[in-house]
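Each residue of the sequence shown is one higher than the one before, counting from 1 in the numbering used here.
Below you'll find the structure, written out as structure tokens, and then a few comments.
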Amino acid sequence: MRPDGTVIECTIKGKFRVKGIRTTNPVAVGDRVMFISGEREQGGVITELLDRTNYIIRKSTNLSKESQIIAANVDQVFLMVTIKLPETPVEFIDRFLVTTEAYRIKTSIVFNKIDIYSKEELARMEDLIEIYSKIGYECFRISVINGTNISHLKDALKNKISLVSGNSGVGKTTLLNILNPSLNLKTEEVSEYHQQGKHITTFPEMHPVPFGGFIIDTPGIRGFGVIDMDRSEIYHFFPEIFRISKDCRFHNCLHLEEPGCAVRTAVEAGEINYLRYRSYINIIADENRKYR
Ligand SMILES: Nc1nc2c(ncn2[C@@H]2O[C@H](COP(=O)(O)OP(=O)(O)OP(=O)(O)O)[C@@H](O)[C@H]2O)c(=O)[nH]1
Ligand SMILES: [Mg+2]
Ligand SMILES: [Zn+2]
């Protein structure tokens, strides 16, 4: 795609390899490339992959060492979540945030479908917003269907390259369609029976928006395996845990059972949210399983 949003279909010639990682897709959405225009048709051939300012990788679930680059060169990420239809689990949010923290990409949380929440569900959303905004994540409360607070979101999206992620059915593509109605992308109702989305978007794609900027719509993610990271560094990506960890007695404290752990004290005092701590423990437990 040219910076003005026009699209040139390109093929890849030869082999592109990214140092140190084996990926299933050498060129990903968001990549900046050099290409040679074809003669008569619109098509072109990609000849060079320019350096990436960042990228997000997803590990394949199978045992092969291959990973997939979800997107490259993104300015910011918006994690779209819903309290119901479907319900986004807190641990899912936390695993996602660990990943974007590891890539040092600014991430905001967008609560969508506020038009259908009961009083209790709205209260639950406010509880979550309190937790996450206190840590430093900007939160939006929107209804794409009713247009509520979309203008706030537009301000944040303007002139940036933004990746929108979240489970299937939360409304990522519906959002893009109202931001750029000419796109007319496919969306689908959430299954009443399974209360889950149906994985309608199948590959990540970048789209221009008329007020300036680009949005990358992505397929709904299921579980989120945390990318390869050392057990001992996971807490670096929980900003509020990391901040307090400096007061732990042992510098290599994992904040599990160690004596003099400032993090556990903060959890007991309610300064660190218990759900967040629980997500941390569960991620560590996963990592342990891997080493067995
Ligand atoms: N009530 C309500 N429904 C919404 C809202 N936003 C989206 N939806 C509905 O949610 C359903 C799923 O929306 P999609 O945009 O397809 O969801 P998605 O996140 O792109 O899903 P995948 O492509 O499968 O990952 C559609 O039926 C939308 O009409 C909202 O603000 N309120
Ligand atoms: Mg979609
Ligand atoms: Zn500790």
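All C-beta atoms in this analysis are idealised placements derived from N, C-alpha and C, irrespective of residue type, glycine included.
Nonlocal neighbours in the same chain, by C-beta distance under 7 Å from residue i, ignoring five residues either side
| i | result |
| --- | --- |
| H236 | F242 |
| T229 | Looking at the sequence shown, residue 229 is not Thr but Met. Once the five neighbours on either side are set aside, the close Cβ partners of M229 are A102. |
| R292 | Note that R292 scores 48 on pLDDT, short of 50, meaning its location in the model is unreliable; the coordinates nonetheless yield the value given after this. Same-chain partners within the cutoff: there are none. |
| Y277 | V267 |
| G136 | P239 |
| I145 | D115 |
Where residue i sits in the DSSP three-state scheme
| i | result |
| --- | --- |
| Y55 | strand |
| D247 | coil |
| R292 | Its pLDDT being 48, under 50, R292 is placed unreliably by the model, and the measurement read from it follows with that caveat. R292: coil per DSSP, three-state reduction. |
| M34 | strand |
| A269 | coil |
| I69 | strand |
| V45 | strand |
| T24 | coil |
| R222 | coil |
| V90 | helix |
| V263 | helix |
| I83 | coil |
| L183 | coil |
| I234 | helix |
| S168 | coil |
| I145 | coil |
| H255 | coil |
| F211 | coil |
| M125 | helix |
Range covered by the alpha helix (DSSP H) that runs through residue i
| i | result |
| --- | --- |
| S151 | 150-157 |
| T107 | Taken as a continuous stretch (DSSP letters only), T107 belongs to no alpha helix (DSSP H), being part of the beta strand (DSSP E) at 106-111. |
| V29 | Careful: V29 lies outside any alpha helix (DSSP H) and carries neither H nor E. |
| T173 | 172-179 |
Where the beta strand (DSSP E) through residue i begins and ends
| i | result |
| --- | --- |
| M1 | First-last for M1: undefined, no H or E at that position. |
| D217 | 214-217 |
| E205 | 205-208 |
Contact test: residue i Cβ vs ligand 3 heavy atom, cutoff 7 Å
| i | result |
| --- | --- |
| E257 | no |
| S245 | yes |
| C253 | yes |
| A266 | no |
| A269 | no |
| C248 | yes |
Which residues DSSP lists as bridging residue i, in chain order
| i | result |
| --- | --- |
| C139 | I109 |
| Q196 | S191 |
| F163 | Inspection of the sequence shows that residue 163 is occupied by Leu rather than by Phe. Beta-bridge pairing links L163 to V77, I216. |
| I12 | I46 |
Any non-hydrogen atom of ligand 2 closer than 7 Å to residue i Cβ
| i | result |
| --- | --- |
| D217 | yes |
| T187 | yes |
| T173 | yes |
Check: residue i C-beta below 7 Å from any heavy atom of ligand 4
| i | result |
| --- | --- |
| N146 | Ligand 4 is absent from the structure shown, which contains only ligand 1, ligand 2 and ligand 3. |
Proximity test, residue i beta-carbon vs ligand 1 heavy atom, cut-off 7 Å
| i | result |
| --- | --- |
| H207 | no |
| H194 | no |
| T201 | yes |
| I145 | yes |
| K198 | yes |
| V7 | no |
| S168 | yes |
| G220 | yes |
| K154 | no |
| V295 | Given that the chain is displayed from residue 1 to residue 292, the structure contains no residue 295 and the question cannot be resolved. |
| I150 | no |
| N112 | yes |
Other residues of its chain near residue i: CB distance less than 6 Å, five sequence neighbours each side excluded
| i | result |
| --- | --- |
| D51 | none |
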